[in-house]
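>
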Amino acid sequence: MTVAEKKKPIAERLLEGDRNAVARLITWAENGDTRFHQALAGIYPELGRARRLGVTGPPGAGKSTLVNELVGELRREDRQVGVLAVDPSSPFTGGALLGDRIRMESRTIDPGVFIRSMASRDSHGGLARATIDACDVMDAFGFDDVLIETVGVGQAEYDVVSAADTVVVVLCPGAGDSIQAMKSGLLEVADIIVVNKNDLPGAQRMVVDLEEAVHIRLAGKGRWITPVVTCSAGRGEAVADVLAEISRHGEHLGEQGLSALRTQKRAGQVRLAVGELIDDYLWGEAGYSQRVASELDAGRTPYEVAGEIRDAVLRGERP
Ligand SMILES: Nc1nc2c(ncn2[C@@H]2O[C@H](COP(=O)(O)OP(=O)(O)OP(=O)(O)O)[C@@H](O)[C@H]2O)c(=O)[nH]1
Ligand SMILES: [Mg+2]
Numbered sequence: 003m004t005v006a007e008k009k010k011p012i013a014e015r016l017l018e019g020d021r022n023a024v025a026r027l028i029t030w031a032e033n034g035d036t037r038f039h040q041a042l043a044g045i046y047p048e049l050g051r052a053r054r055l056g057v058t059g060p061p062g063a064g065k066s067t068l069v070n071e072l073v074g075e076l077r078r079e080d081r082q083v084g085v086l087a088v089d090p091s092s093p094f095t096g097g098a099l100l101g102d103r104i105r106m107e108s109r110t111i112d113p114g115v116f117i118r119s120m121a122s123r124d125s126h127g128g129l130a131r132a133t134i135d136a137c138d139v140m141d142a143f144g145f146d147d148v149l150i151e152t153v154g155v156g157q158a159e160y161d162v163v164s165a166a167d168t169v170v171v172v173l174c175p176g177a178g179d180s181i182q183a184m185k186s187g188l189l190e191v192a193d194i195i196v197v198n199k200n201d202l203p204g205a206q207r208m209v210v211d212l213e214e215a216v217h218i219r220l221a222g223k224g225r226w227i228t229p230v231v232t233c234s235a236g237r238g239e240a241v242a243d244v245l246a247e248i249s250r251h252g253e254h255l256g257e258q259g260l261s262a263l264r265t266q267k268r269a270g271q272v273r274l275a276v277g278e279l280i281d282d283y284l285w286g287e288a289g290y291s292q293r294v295a296s297e298l299d300a301g302r303t304p305y306e307v308a309g310e311i312r313d314a315v316l317r318g319e320r321p
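Under the working numbering, the first residue of the sequence shown carries the number 3, and numbering increases by one thereafter.
Here it is as structure tokens:
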């Protein structure tokens, strides 16, 4: 890289197809580095071309195997694919991510594919924000599809997957998975439910149970009725059916629906950012911590103190 190239704004380098810029920007996103904000301003007008697909589900359901197969299908259509393997449960690269890397290795030598594992150092909301940012980076780079894989075990993961236009929930027969999924709210986040490992007994039964559950639980939610499809990612069977449902969901949304959905998600992103900014301000620069301590010492309840802080902020008072 020449000195002149290094001086070029990173947003520009990204738009020109520099893969190092992809990696660097995603690292900034992960670390909550504020240099990302400036870079985003440079790429923002270019966003919106990539299809963003979330793949979630319980541990071991076959998400990585399915993602790998989906990537294969998409590559056959000559689409450029970015993959984000997001691991909310282990902020510092753990074994599962290494496993994912190895499983996906066959794809990593393909220049039409970019695979990145992601974690976040900060807790609440940090990973959701980083995932959205990383999707934006991949979108601006020019990937046709961005696949986000995350283990679906709780709210933090659902927040992560909310960066997607279409959410695929992967389940597999055995271990009471369908009941678990119904309890944990996985069905509610699903646009498509995949019963993977249909080479194993119990898959058909599970499809029937889930279809029933979808009709009971999700009826009237909107015109889209969450389809339940089955495949064997491990054997590479019926993966095209999953992709067909993904496309069908995209067609269902249509240009207007997609645009409305994305605006809604951007609004959520703004709320997240406002929360973080105000939080930083109050407990950093403005120094409200001291006031909290003294009011608590004076015997006030936490809610009383919180109310007073809000009122003080609204009055423009400094502590
Ligand atoms: N029998 C069978 N096994 C499968 C199938 N797909 C995946 N597996 C196996 O299931 C295990 C888990 O697959 P992964 O793709 O790692 O599952 P995952 O959901 O990504 O797992 P985590 O990321 O650890 O939550 C592996 O041993 C796979 O080989 C399938 O269609 N049939
Ligand atoms: Mg995995």
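Think of the CB as a built atom: it goes at the ideal place given N, C-alpha and C, for glycine as much as any other residue.
My parser needs the alpha helix (DSSP H) runs of 4 or more residues fully inside the segment 166-220; what are they?
Counting whole runs of 4 or more residues, the segment 166-220 contains the alpha helix (DSSP H) stretches 179-186, 188-191 and 205-220.
> Taking 7 Å as the cut-off, decide whether the C-beta atoms of residue 166 and residue 56 are in contact.
Yes; because the gap between Cβ atoms is below 7 Å, this pair is in contact.
> Would the segment 188-195 count as touching the segment 69-87 if we require 3 or more Cβ pairs under 8 Å?
No, the segment 188-195 is not in contact with the segment 69-87.
> My understanding is that residue 267 touches residue 164, with C-beta atoms under 8 Å, so please give their C-beta distance in whole angstroms.
Rounded, the Cβ-Cβ distance is 6 Å, consistent with contact.
> So, are the CB atoms of residue 175 and residue 205 less than 7 Å apart?
In this structure, residue 205 lies closer than 7 Å to residue 175 by Cβ.
> Pull up the DSSP beta-bridge partners for residue 87, would you.
Residue 87 pairs with 119 and 151.
> Work out the CA separation of residue 171 and residue 131 for me, nearest whole Å.
Each residue's Cα considered, the two are about 21 Å apart.
> Over what stretch of residues does the alpha helix (DSSP H) that includes residue 303 continue unbroken?
Premise fails: residue 303 is in no alpha helix (DSSP H) and is neither H nor E.
> Starting from residue 59, follow the beta strand (DSSP E) in both directions and report where the run begins and ends.
First-last of the beta strand (DSSP E) with residue 59: 53-59.
> By DSSP, does residue 234 sit in helix, in strand, or in coil?
Residue 234 falls in the strand class under three-state DSSP.
> So, for residue 301: in the same chain, excluding its five sequence neighbours on each side, which residues have a beta-carbon less than 8 Å away from its beta-carbon?
Around residue 301: no qualifying Cβ.
> Between the Cα of residue 182 and those of 150, 217 and 59, spot the shortest distance and give me the residue it belongs to.
Per the Cα distances, 59.
> Of all the options 227, 197, 258 and 153, which has the alpha carbon lying nearest to the alpha carbon of residue 244?
Nearest of 227, 197, 258 and 153 to residue 244, Cα basis: 197.
> Could you round the C-beta distance between residue 148 and residue 50 to whole angstroms and report it? I think they count as a contact, below 8 Å.
So it is not a contact: roughly 12 Å between Cβ atoms.
> Along the chain, where does the alpha helix (DSSP H) containing residue 40 start, and where does it finish?
Start and end: 37-45.
> Looking at residue 62 and ligand 1, is the gap between the Cβ and the nearest heavy atom below 6 Å?
Within the cutoff, so yes.
> Under the three-state reduction of DSSP, which class applies to residue 15: helix, strand or coil?
Three-state result, residue 15: helix.
> Contact check, residue 295 vs residue 321 under 8 Å by CB: the rounded distance?
The pair is not a contact, with the Cβ atoms about 10 Å apart (cut-off 8 Å).
> DSSP three-state call for residue 79: helix, strand or coil?
Coil, per DSSP.
> Is residue 201 near ligand 1, judged by its Cβ being under 6 Å from some heavy atom?
Yes, the Cβ of residue 201 comes within 6 Å of a heavy atom of ligand 1.
> Taking just the CA atoms, how far does residue 54 sit from residue 215?
Cα-Cα distance, rounded: 26 Å.
> Would you report the Cα separation of residue 66 and residue 129, rounded to the nearest angstrom?
Whole-angstrom Cα-Cα distance: 19 Å.
> Express the C-alpha separation of residue 154 and residue 160 in angstroms, rounding to a whole number.
One C-alpha to the other measures close to 7 Å.
> Indicate whether residue 64 and residue 199 have their beta-carbon atoms separated by less than 7 Å.
Yes, they are a contact pair.
> For residue 151, count the other beta carbons within 10 Å of its own beta carbon; 16 or more makes it buried, fewer makes it exposed. Which is it?
Buried is the call here.
> Helix, strand or coil for residue 287 per DSSP?
Three-state DSSP puts residue 287 in coil, outside helix and strand.
> Thinking C-alpha only, which one of 24, 133, 87 and 141 is nearest residue 52?
Checking every option, the nearest Cα to that of residue 52 belongs to 141.
> In chain order, what residues of the same chain have a beta carbon less than 7 Å from the beta carbon of residue 35, not counting five sequence neighbours either side?
Taken in chain order, the list of residues that qualify is empty.
> Evaluate residue 285 with the Cβ neighbour count: other Cβ atoms within 10 Å of its Cβ, from every protein chain shown; 16 or more gives buried, anything less gives exposed.
So residue 285 counts as exposed.
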